[in-house]
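Asker: In terms of numbering that gives the first Met the number 0, the sequence shown opens at residue 0 and continues consecutively.
Take this structure first; my questions come after.
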Amino acid sequence: MTTVDLPLLVLAGAGTGKTRVITEKIAHLIDRGIPARNIAAITFTNKAAREMKARIGKLMGGGKLRGLRVSTFHALGLNIVRIEHKALGFKPAISIFDEQDRSSLIRDLIEHDGHGLSVEDFEAVAGQIGRWKNDFVTPEQAVQLADPSQTGAALLYQEYSQHLQAYNAVDFDDLIFKPVQLFAQQPKILEKWQNKIRYLLVDEYQDTNSTQYQLVKLLVGKLGQFTVVGDDDQSIYAWRGAQPENLARLISDFPRLKVIKLEQNYRSSARILGAANKLIEHNAHVFEKKLWSTHAIGDPLRVIKHRDENAEAQQVASEIVHHKFNHAARFEDYAVLYRGNHQSRLIEQAFREQNIPYCLTGGTSFFGYAEVKDVVAYLRILTNREDDRAFLRIINTPRREIGPSTLEKLGTYANTRRIGLFAACFELGLEQYLASNAVTRLRKFCKLILNTGERIERADAFAEIEGFLSEIDYEQWLKENSASDKVAQRRIRNVQELIAWLKRLSGGGNDQLSLAETVSKMILLDMLDRNQEEDQCDQVNLLTLHAAKGLEFPYVHMVGVEENLLPHQSSVEVQNIEEERRLAYVGITRAQRKITLHYCTQRKRYGEMVSCEPSRFLDELPAEDIEWPDKNELDPSVRKKRGQANLAQLRDLLNTL
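Okay, structure coming up:
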């Protein structure tokens, strides 16, 4: 893609080499004389960013790439927020609230001043706040525009934002929202960043939300020196704010936009690709494209019916074992895709029964459990009193009658004094901000941390930690805040496992690490664990259709291809069938050689067995390319069409030679 002086949109279908477009373009820009430090490439996942960096490194060599920015949208936003913290009204050490931190604060705010909301509403409110931020709606605008049913959420959004500012914190959505707000209000700062980023490249552009679109638009300015790559047929993230119409918006916002289509698929067999094309034709398109392939026509798509989900899981396991034996394949050549994470449980059981190794993508990390994060936060504040995020997480866990209004005032005072929250608790000036009983509670907690820290330095660190958790009655807190005794015991075991692992991590004898060193090592290992590539050992891949985007496998099994599952019932209810069809399209186009689609005639839902219907998407696939093993014989007309398709594909292949 040698276009440099014009804004460029590359419509790249499934398997057409989207990542290569970005990497080759970066190499071309550097060869044209644009310094790597003035180029930024943005994608949506850390894994994609690492892959992109590795590919560019192979093309160019490390020396020419000094200063090149390759990151996710949120990593770029975090960089901007940290550099421009003063202009945004923050202290340097900004904390980042994750989903649990956000939910916890919203629950506390509802409990103390709910604006007519119930604690049970906290997830819906958190989702609405996220949508407002993704649509670039400020708290003030939300209050003005809210209808009566949203007034409570809008007022809470305003209060939530005030608390984050007081805590010197941002949440995940703020990492885009804050830079856009800053650039819109302060042209000089925007100009500085436009000079830093003279050429911008964006992958998976169909997944951008409104705020991300605004960030790109502001950064590229009137010159519009950018290349964006996307595919409206693979937009499957509307639930998190993605707007495929952002592709079309480029035409009106950048009249000089040049559009290039990549339609040759290098991944899938011709039959798989033809079926996917036929399916996606049922969606409306702003940009028309039709993928083609020079690969052999390949095997028909198979559709297998099962009596229930247990039979489905057992059959998938048997099919993989049988096929692997007959084709001398590896387990890693197979993937099982499903609409929801809950569908993996029975498949995992079937795989364990048949000794099939598997890798589950998208499960909860050990460090993602709330109880593990609580204990880690305690360890962080015990070893670093300046860790405001850790302080906020555990100041009221277990409950110490320290409410969000107290913490907001503490945060405001700490910001004014430019000190951390822990240090602010001991300042005499705090007594002018807070009631004496609130100050007493804060200082009691801080003294507990100080005393425990002193004991840890003098004695067996891990014995002291276990004693500290017993002193604050954390185990009882888990029991009181778990859905059942079984869940509580699992959470207690997780804490015990964490402490035992930290003991091993610290080593022993003369080389034993201090607690601070052990915690630093733990945090680094967790970060590396989150960032490392998937284990490359020989395992079947189990993952959701959403998580599968961007990946490819020789052999794919899609399970649960039923009405109210794919398409999902929630999408059917709101008539959002097009996105569900795109999701099915993404699943089919993950397969290189063979794909098998599975559905059940009945499935257990909410403890009851209910009847199931095959997905409407199966009827939208070309009948001549589908094989139904439970039907004894193909319809003669289908057999004829299949033969004609084989001959046509052979002719096409001969013509390309």
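Ideal placement from N, C-alpha and C gives every residue a C-beta, glycine not left out.
Contact check, Glu-430 vs Arg-416 under 8 Å by CB: the rounded distance?
Answerer: For the purposes of this step, residue 430 is taken as the residue at position 431 of the sequence shown. For the purposes of this step, residue 416 is taken as the residue at position 417 of the sequence shown. About 13 Å separates the two Cβ atoms, so there is no contact after all.
Asker: How many whole angstroms separate the CB atoms of Ile-393 and Ala-376, which I take to be in contact at a CB cut-off of 8 Å?
Answerer: By one-based count along the sequence shown, residue 393 stands at place 394. By one-based count along the sequence shown, residue 376 stands at place 377. For a cut-off of 8 Å, the C-beta gap from Ile-393 to Ala-376 is around 5 Å, short enough to register as a contact.
Asker: Straight-line CA distance for Tyr-598 to Glu-572?
Answerer: By one-based count along the sequence shown, residue 598 stands at place 599. By one-based count along the sequence shown, residue 572 stands at place 573. The alpha-carbon atoms of Tyr-598 and Glu-572 are separated by roughly 21 Å.
Asker: Got a sec, what are the start and stop residues for the alpha helix (DSSP H) His-545 sits in?
Answerer: Taking the sequence shown and counting its residues from 1, the one referred to as residue 545 is at position 546. That run of the alpha helix (DSSP H) goes 544-547.
Asker: Kindly confirm or deny that the region 304-322 and the region 342-356 touch, where touching means at least three C-beta pairs closer than 8 Å.
Answerer: yes
Asker: Three or more beta-carbon pairs under 8 Å between the region 173-180 and the region 104-120, yes or no?
Answerer: no
Asker: So, do the region 25-39 and the region 314-323 have three or more beta carbon pairs nearer to each other than 8 Å?
Answerer: Touching, no.
Asker: If you draw a straight line from the C-alpha of Lys-63 to the C-alpha of Gly-229, how long is it?
Answerer: Sequence index remark: in the sequence shown, residue 63 carries index 64 (1-based). Sequence index remark: in the sequence shown, residue 229 carries index 230 (1-based). Roughly 27 Å separates the two Cα atoms.
Asker: For the alpha helix (DSSP H) that contains Pro-186, what are its first and last residues?
Answerer: Residue numbering aside, residue 186 sits at position 187 when the sequence shown is read from its first letter. Pro-186 -> alpha helix (DSSP H) spans 186-195.
Asker: Return the first residue and the last residue of the alpha helix (DSSP H) that Pro-403 is part of.
Answerer: Taking the sequence shown and counting its residues from 1, one reaches residue 403 at position 404. It spans 403-416 - the alpha helix (DSSP H) in which Pro-403 sits, taken as one unbroken run.
Asker: Would you report the Cα separation of Leu-497 and Glu-98, rounded to the nearest angstrom?
Answerer: Taking the sequence shown and counting its residues from 1, one reaches residue 497 at position 498. Taking the sequence shown and counting its residues from 1, one reaches residue 98 at position 99. For Leu-497 and Glu-98, the distance between alpha carbons rounds to 21 Å.
Asker: Between Thr-613 and Tyr-337, what straight-line distance do the alpha-carbon atoms span, to the nearest angstrom?
Answerer: Translated into the one-based positions of the sequence shown, residue 613 becomes position 614. Translated into the one-based positions of the sequence shown, residue 337 becomes position 338. The sequence given here has Pro at residue 613, not Thr. Each residue's alpha carbon lies about 15 Å from the other.
Asker: Locate the alpha helix (DSSP H) running through Phe-467, then write down its first and last residues.
Answerer: Taking the sequence shown and counting its residues from 1, one reaches residue 467 at position 468. Counting along the chain, the alpha helix (DSSP H) containing Phe-467 begins and ends at 460-470.
Asker: Suppose you measure from the CA of Ser-569 to the CA of Asp-206; what does that come to, to the nearest Å?
Answerer: As a position in the sequence shown, residue 569 is number 570, starting the count at 1. As a position in the sequence shown, residue 206 is number 207, starting the count at 1. So the alpha carbons of these two residues sit roughly 20 Å apart.
Asker: Mapping DSSP to helix, strand and coil, what is Ser-102?
Answerer: Along the sequence shown, one-based indexing puts residue 102 at 103. Residue state, collapsed to three classes: helix.
Asker: Do Ala-275 and Ile-587 come within 7 Å of each other at the CB atom, strictly closer than that value?
Answerer: As a first step, residue 587 must be located in the sequence shown, where it is residue number 588. As a first step, residue 275 must be located in the sequence shown, where it is residue number 276. Contact: yes.
Asker: Which term fits Asp-528, buried or exposed, when burial requires 16 or more other beta carbons within 10 angstroms of its beta carbon?
Answerer: One-based indexing of the sequence shown puts residue 528 at position 529. Residue confidence is low: Asp-528 scores 47 on pLDDT, short of 50, so the model does not pin down where it sits. No coordinate-derived value is stated.
Asker: Taking Tyr-473 as the reference, give the member of Ser-292, Asn-493, Glu-456, Ala-460 with the closest Cα.
Answerer: Translated into the one-based positions of the sequence shown, residue 473 becomes position 474. For the residues Ser-292, Asn-493, Glu-456, Ala-460, the minimum Cα distance to Tyr-473 belongs to Asn-493.
Asker: Run through DSSP, which three-state label would Ser-292 get?
Answerer: Translated into positions along the sequence shown, residue 292 becomes position 293. Residue state, collapsed to three classes: coil.
Asker: Would you mind giving the Cβ-Cβ distance between Pro-397 and Ile-471, rounded to the nearest angstrom? I have them listed as a contact below 8 Å.
Answerer: Taking the sequence shown and counting its residues from 1, one reaches residue 397 at position 398. Taking the sequence shown and counting its residues from 1, one reaches residue 471 at position 472. Pro-397 to Ile-471, Cβ: 6 Å. Contact.
Asker: Any idea if Asn-631 is buried or exposed, counting beta-carbon neighbours within 10 angstroms, 16 or more meaning buried?
Answerer: Walking along the sequence shown from the start, residue 631 turns up at place 632. Note that Asn-631 scores 47 on pLDDT, short of 50, meaning its location in the model is unreliable; the coordinates nonetheless yield the value given after this. With fewer than 16 other Cβ atoms within 10 Å, it is exposed.
Asker: Any idea what DSSP makes of Pro-34, helix, strand or coil?
Answerer: Locating residue 34 in the sequence shown gives position 35, where the first residue counts as 1. The answer is coil: DSSP assigns Pro-34 none of H, G, I, E or B.
Asker: Under a Cβ-count criterion, where at least 16 other Cβ atoms within 10 Å of its own Cβ denotes burial, should Gln-224 be classed as buried or exposed?
Answerer: On the sequence shown, position 225 is the one that residue 224 refers to. Answer is buried; the Cβ neighbour count reaches 16.
Asker: What is the DSSP secondary structure of Leu-174, counted as helix, strand or coil?
Answerer: Residue 174 sits at position 175 when you count from the first residue of the sequence shown. Residue state, collapsed to three classes: helix.
Asker: I'd like to know whether the C-beta atoms of Ala-86 and Thr-71 end up nearer to each other than 7 Å.
Answerer: Here residue 86 refers to the residue found at position 87 of the sequence shown. Here residue 71 refers to the residue found at position 72 of the sequence shown. Contact flag unset, no.
Asker: Does the count of Cβ pairs from the region 71-83 and the region 159-178 closer than 8 Å reach three?
Answerer: yes
Asker: What does the alpha-carbon distance come out to for the pair His-294 and Ile-625?
Answerer: One-based indexing of the sequence shown puts residue 294 at position 295. One-based indexing of the sequence shown puts residue 625 at position 626. So the alpha carbons of these two residues sit roughly 18 Å apart.
Asker: Is Tyr-605 buried or exposed, if buried means 16 or more other CB atoms sit within 10 Å of its CB?
Answerer: Translated into positions along the sequence shown, residue 605 becomes position 606. Classification for Tyr-605: exposed.
Asker: From what residue to what residue does the beta strand (DSSP E) around Phe-43 run?
Answerer: The residue you call residue 43 lines up with position 44 of the sequence shown. Here Phe-43 belongs to no beta strand (DSSP E), and DSSP marks it neither H nor E.
Asker: Based on the DSSP secondary-structure assignment, which residues constitute the bridge partners of Phe-552?
Answerer: As a position in the sequence shown, residue 552 is number 553, starting the count at 1. Answer by DSSP bridge pairing, in chain order: Ala-590.
Asker: When the Cα atoms are used, what is the spatial distance from Leu-155 to Thr-210?
Answerer: If you number the sequence shown from 1, residue 155 lands on position 156. If you number the sequence shown from 1, residue 210 lands on position 211. Their Cα atoms are separated by approximately 21 Å.
Asker: For Val-9 and Thr-15, what's the separation of their Cα atoms in angstroms?
Answerer: Locating residue 9 in the sequence shown gives position 10, counting from the first residue. Locating residue 15 in the sequence shown gives position 16, counting from the first residue. Their backbone Cα atoms lie some 11 Å apart in a straight line.
Asker: Which partner residues does His-305 have in the DSSP bridge list?
Answerer: Residue mapping note: residue 305 aligns to position 306 of the sequence shown, counting from 1. The partner list for His-305 (beta bridge, DSSP) reads Cys-599.
Asker: So the beta strand (DSSP E) Gly-273 belongs to, where does it begin and stop?
Answerer: In the sequence shown, counting from the first residue as 1, residue 273 sits at position 274. Here Gly-273 belongs to no beta strand (DSSP E); instead the alpha helix (DSSP H) covers 269-279.
Asker: Would the region 398-410 and the region 428-442 be scored as touching if the rule is three or more Cβ pairs under 8 Å?
Answerer: In short, these stretches touch, since the Cβ pair count reaches three.
Asker: Between the C-alpha atoms of Lys-675 and Thr-600, what's the straight-line distance to the nearest angstrom?
Answerer: Residue 675 lies beyond the residue range present for the chain, which begins at 0 and ends at 656; the question has no answer from this structure.
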